[in-house]
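Quick note, in this note's numbering, the sequence shown goes up one by one and the last residue is 437.
Heads up, the beta-carbon is just placed ideally off N, CA and C, and yes, glycines get one too.
Heads up, the thing below is written out as structure tokens.
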Amino acid sequence: MERSASGPTWAIATPHEEATRAGAAAFEGGGNAVDAALRAATVLAVV
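Dropping the structure here:
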């Protein structure tokens, strides 16, 4: 289970794999740290 992910200019770590994936998707889609944090937090609120 991966709880961290990174790219050339970003990194994210959360306590849940799905939240990490959501945050990474935000970065990969051109978003910034706030976008990634909001996506990850939304997932963490549900799982």
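Cβ-Cβ distance between residue i and residue j below 7 Å
i      : j      : result
Ala414 : Val433 : no
Ala416 : Asp425 : yes
Ala401 : Arg393 : no
Glu407 : Val437 : no
Distance between beta carbons of residue j and residue i, contact taken as under 8 Å
i      : j      : result
Ala430 : Thr410 : 7 Å
When the options are compared against residue i, the one with the closest alpha-carbon
i      : options                   : result
Thr399 : Leu428, Pro405 and Ala423 : Ala423
Gly397 : Pro405, Gly420 and Leu428 : Gly420
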